[in-house]
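**Q** Pasting in a structure now, in structure tokens, and then I'll have a few things to ask.
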Amino acid sequence: MHIIKQLLTPLQATFSNTPQGQKRKRWFVYTLMACIVPFTSSMTSNLIRSLQTLFGLELSKQRFYAFMASSTLPWGKLWLQVWKLIPNSTTNGRVILALDDSINPKTGKKIFGCAYF
């Protein structure tokens, strides 16, 4: 848990000090923690249940999804902070980036969009 605190503290610092910013900072950290903790087998579809059960948050689905889709979250600052947290973000002089938003099993063969740039 010590390393999680080291990672989350700089990410929390990117949020504003307004009451709304403080609420978003707390929800953001709880959401990351709910994704990390193996609470259910399908954690993304049960994310709200995880937040309610594990952390005692009382929020409606509409409120939570409005938070997740908010255009006012400091995504630019968060991405910069994430890159700063990676000790060495290159491998043989190249940045390796993998994005996956599907739940389909992966075989590692014929991966669309993989190439040297």
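The opening residue of the sequence shown carries number 0 in numbering that gives the first Met the number 0; numbering runs sequentially from there.
The beta carbon of each residue, even a glycine, is placed where N, CA and C say it ideally should be.
1) Less than 7 Å between the beta carbons of L6 and Y29, yes or no?
2) Beta-carbon of Q5 versus every beta-carbon of chain B: anything under 7 Å?
3) Note down, in chain order, each residue of its chain lying with its Cβ closer than 6 Å to the Cβ of K24, except the 5 sequence neighbours on either side.
4) Applying the 10 Å Cβ sphere with the 16-neighbour rule, what's the burial state of W26?
5) Can you tell which of L84, M32, L46, Q19 has the C-alpha that lies nearest to the C-alpha of E69?
6) In three-state DSSP terms, what is V36?
7) Following the continuous alpha helix (DSSP H) through L72, name the residue where it begins and the one where it ends.
8) In the DSSP assignment, find the alpha helix (DSSP H) that holds P9 and state where it starts and stops.
9) Only counting the same chain, and skipping five residues up and downstream in sequence, which positions put a Cβ closer than 7 Å to that of P73?
**A** Let me lay it out:
1) no
2) This model lacks chain B altogether, as it is built from one protein chain only.
3) Q11, F14
4) buried
5) Note on residue identity: the sequence assigns Ser, not Glu, to residue 69. Nearest C-alpha to S69: Q19.
6) coil
7) L72 -> no alpha helix (DSSP H), and no H or E assigned at all.
8) 1-11
9) T13, F14
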